[in-house]
Amino acid sequence: MALSYQSTRGKENGVTASQAVLKGLAEDGGLFMPSEIPTLPIPMKELAGMSYQETAYEVMKLFLTDYTEEELKDCIARAYDSKFDTEEIAPLAKAGGMYFLELFHGKTIAFKDMALSILPHLMTTAAKKNGVDKEIVILTATSGDTGKAAMAGFADVPGTRIIVFYPKGGVSKVQELQMRTQKGDNTSVVAIHGNFDDAQTGVKKLFGDKEFAKELAHKGFQFSSANSINIGRLVPQVVYYVYAYAKLLENGEIEDGEIINVTVPTGNFGNILAAYFAKHMGVPIGRLICASNENKVLYDFFATGTYDRKREFILTNSPSMDILISSNLERLIYLSAGWDAEKNASLMADLSRTGEYAITEEMKKNMESFTGGFATQEEDGAMIRKLFKEVGYLMDTHTGVAAAVYQQYKEKTGDTAKTVIASTASPYKFSRSVMEAIGGPRETEDEFALIDEMSRLSGVPVPQAVEEIRTAPIRHNRECDVDGMKAEVRDILGI
Ligand SMILES: *Cc1c(COP(=O)(O)O)cnc(C)c1O
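Quick note: the sequence shown uses my numbering, first residue 725, plus one each step.
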């Protein structure tokens, strides 16, 4: 059965999956949602024997209904290949009584690779299917990981250009080097004088600029998004939650049908929303534990029913979660309002006008499967240290937030259901913070000295993604103010 997509703000509907992938964001500023969340038609026992690629096909075909079997299988085969350093693609590691779903075995060693390895293929296939004759310009705001993963996917892909905006001073050293050394004639990187929310708001503004869109069309360009607002990011992320459950079953860790919990270190709410979709497709998931760092806007939201972004933006050592406007939450708002676009649009209008909105009791009830929690930088560091000292497993700072929040949850509730922790980055990506967590403050300025020490201590070889940037030349030096983003895009495109 064909699914169509509609905007969470109600002004656009009847859009095909491939059109939604191409557009990224709906014209009314809303996010695309499928007309229903499909149910998994295959028993978990059968999925348990499948490879990652086979699982991906079974899940994605239910959402991307206008892609042919051949098109989708081709996209999957190109995405999940030897770019990943393990055939399992997303292995599960058991440590300290938790199951870490390692989503960092791709090219840029963060979970963004899971979706951004396939998005360029979904998008170029969509362009062909829809007879697009313009060059696609991917505009992306990044809190550090999306930018690199998107460029790695789109570099030198014919018919595309990619422009990435990141917050200057708001990303880790390794993240910054990864972006600024990016190869590819069609890639551009701009450091903005602002934080991630400024970058994301600026990009959304450019998307909403109708005059600019017309001018671009005239010059042969059209914008799209690689951010997690794109349904082509969300759908591939559902796959690994289905896969994780199937692997637990295959490995005899759970009985068929046994309820598990999932804990996700959260920023823009994309990853945990994918887990929620998996639950609604029929994966036996009980609680969805939403873990925040000190930017705990989501924790407060789940506790009170009021989303309030009017607060200080805190730079933490889990920078990919330093976010106060979690874009994908809009999809949950829409769902819990009973797929009511009008209600959602009015709440989003409140947010942009007053900086906050409050949901109804009924909506709150519809979100009951979520539990919010947060961990401070000290709690994060302590958790990383504890797990490393006790069982020798080394986590990054984002995964540390999730593990710390899960432990708090378990102590408070006594819930002993098996729990999958989404492990979103390799510790090598946040080498300084991780080394400080396990060994105290460091004098050295030399990031690579810390990286080599990490390898000695953990016994895990330095990943290829880090070796690559050790000596790579800096290729990108652009910087701009928040209100200079449009001018920067013009300059890059030569218009
Ligand atoms: C992006 C990112 C997150 C947050 O994921 P969302 O889907 O934005 O909630 C967490 N950890 C890491 C390492 C990330 O790169």
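Backbone N, C-alpha and C define an ideal beta-carbon position, used for all residues, glycine too.
Just so it is clear, the structure is predicted and the values come from calculations on it, not from any experiment.
Distances from the CA of Thr1140 to each of Met822, Lys785, Ser728, Pro765 were compared; the closest alpha carbon is that of Met822.
Between Ile1193 and Val1129, the alpha-carbon positions lie close to 33 Å from each other. For Lys928, the shortest C-beta to heavy atom distance toward ligand 1 is 7 Å or greater. Distances between the C-beta of Phe1037 and the heavy atoms of ligand 1 are all 7 Å or more.
For Ser1044, the distance from the CB to the nearest heavy atom of ligand 1 is below 7 Å.
Annotation: Phe1098 to Ala726 spans about 40 Å, alpha carbon to alpha carbon. Within the same chain, Ile996, Cys1014, Ala1015, Ser1016, Leu1022, Met1045, Ser1050 come within 8 Å of Thr990 by CB-CB distance, once the 5 residues on both sides are set aside. Scanning Ala1027, Gly877, Ile1219, Lys853 for the CA closest to the CA of Gly908 turns up Gly877.
A buried status is given to Glu736, since no fewer than 16 other beta-carbon atoms sit within 10 Å of its beta-carbon. Unbroken beta strand (DSSP E) runs of no fewer than 3 residues, entirely contained in the stretch 778-836, are found at 816-819, 822-826, following chain order.
The stretch 1091-1110 makes contact with the stretch 1159-1171, as at least three CB pairs between them are under 8 Å.
Between Gly820 and Glu1114, the gap from beta carbon to beta carbon is short of 8 Å.
Look at the stretch 1084-1146 and you find these whole runs of beta strand (DSSP E), each 3 residues long or longer: 1094-1098. If you check the C-beta of Ile1009 against ligand 1, you find no heavy atom less than 7 Å away. With a threshold of 7 Å, the Cβ atom of Thr990 counts as near ligand 1, since some heavy atom of the ligand is closer than that. Sequence-distant Cβ neighbours of Lys797 in its own chain, meaning closer than 7 Å and more than five residues away, are Tyr781.
Among the bridge pairs identified by DSSP, Ile984 is matched with Ile1009. If the five residues before and after Val1007 are omitted, its C-beta is found closer than 8 Å to the C-beta atoms of Leu764, Met768, Tyr965, Val966, Tyr969, all from its own chain and listed in chain order. Between the alpha carbons of Ala1127 and Ile1145 lies a distance of about 7 Å.
Check the Cα spacing between Tyr1031 and each of Val861, Thr1040, Ile1038, Lys1020: the tightest is with Lys1020.
Shown here, His1200 sits in coil according to DSSP, grouped into three states, outside any helix or strand.
For a cut-off of 8 Å, the C-beta gap from Gly734 to Ala1069 is around 6 Å, short enough to register as a contact. With contact defined as three or more Cβ pairs closer than 8 Å, the stretch 794-812 and the stretch 918-928 are not in contact.
Here the alpha carbons of Val881 and Glu859 stand approximately 11 Å from one another. Taking C-beta atoms as the reference points, Ile1009 and Ile1047 fail to come closer than 8 Å.
Here Ser1147 is actually not in contact with Ile1175; their C-beta atoms are around 19 Å apart, not less than 8 Å.
Taken atom to atom, the span from the alpha-carbon of Asp933 to that of Ser1179 is near 47 Å. One Cα belongs to Ala915, the other to Met784, and the distance between them is close to 34 Å. By the CB criterion at 8 Å, Phe808 and Ser1150 fall outside the cutoff.
The three-state secondary structure of Phe1001, taken from DSSP, is helix. Within the stretch 868-893, the complete beta strand (DSSP E) segments at least 3 residues long are 884-891, listed from N- to C-terminus.
One Cα belongs to Thr1028, the other to Glu1086, and the distance between them is close to 13 Å. By the neighbour-count criterion, in which a residue is buried when 16 or more other Cβ atoms sit within 10 angstroms of its Cβ, Gly981 is exposed. Listed as beta-bridge partners of Leu863 by DSSP are Ile887, Ser949. If you compare the alpha carbons of Phe1112, Leu930, Val986 with that of Leu816, the shortest gap goes to Val986. The shortest CA-to-CA distance from Leu1039 to any of Thr789, Gly868, Phe787, Leu749 is the one to Gly868.
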